[in-house]
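These notes concern the structure reproduced below.
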């Protein structure tokens, strides 16, 4: 009788573990989908679309396509660009719709040019975020508001 209880518990544990893996496979990755120097190209073909075009030096963000991705443009050194590493949901849709972008850490002693150029990182839109509410993106101690798509 004890063997059947152990087998049942092992079966339930295996089923629970499998469901965790299946659910995790459905969630978009939190790592950057792509990154590149410059600004994103708008849907109309010109550079500096929704996310850019204004050389303020402040981070900028915009939905890509139908909102399945989010482009974050950060201005900085061309030889040591600020590159997004991951995206975290801080407040889900309905409770603030807020994400934070974590940047790749650069060595403190790295030699960088003192120019100001854009670098864009694209992330998959997290599951708990919506394009039907304004999205607040926290990056480099700055908040960027992304309008409703």
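Numbering (my numbering), first residue to last: 1 to 149. Where is the CB? At the ideal position from N, CA and C, for every residue including glycine. These figures come from a predicted structure and were not determined experimentally.
When the Cα atoms are used, what is the spatial distance from residue i to residue j?
i	j	result
residue 63	residue 132	11 Å
residue 46	residue 65	With a pLDDT of 48 at residue 46, under the threshold of 50, the predicted position of this residue should be treated as unreliable, though the coordinate-derived value follows. When rounded, the distance between both Cα atoms is 14 Å.
residue 102	residue 84	6 Å
residue 75	residue 121	11 Å
residue 129	residue 105	26 Å
residue 112	residue 57	16 Å
residue 97	residue 146	10 Å
residue 123	residue 109	28 Å
residue 95	residue 117	34 Å
residue 67	residue 107	34 Å
residue 149	residue 79	33 Å
Just confirm the distance between the C-beta atoms of residue i and residue j, as a whole number of angstroms; I'd bet it's less than 8 Å.
i	j	result
residue 136	residue 72	Actually they are not in contact, since the Cβ atoms of residue 136 and residue 72 sit about 12 Å apart, beyond 8 Å.
residue 114	residue 77	7 Å
residue 125	residue 88	Actually they are not in contact, since the Cβ atoms of residue 125 and residue 88 sit about 13 Å apart, beyond 8 Å.
residue 69	residue 100	In fact, because the Cβ distance is near 17 Å, the residues do not count as touching under 8 Å.
Would a C-beta distance cut-off of 8 Å place residue i and residue j closer than the cut-off?
i	j	result
residue 61	residue 140	no
residue 40	residue 119	no
residue 59	residue 144	yes
For residue i, list the residues DSSP reports as bridge partners.
i	result
residue 101	87
residue 121	35, 72
From which residue to which residue does the beta strand (DSSP E) around residue i run?
i	result
residue 35	32-37
residue 69	69-76
residue 138	135-139
residue 64	60-64
residue 110	First-last for residue 110: undefined, no H or E at that position.
residue 145	142-146
Between residue i and chain B, is there a C-beta pair that is closer than 8 Å?
i	result
residue 143	The displayed structure is made up of one protein chain only, and chain B is not part of it.
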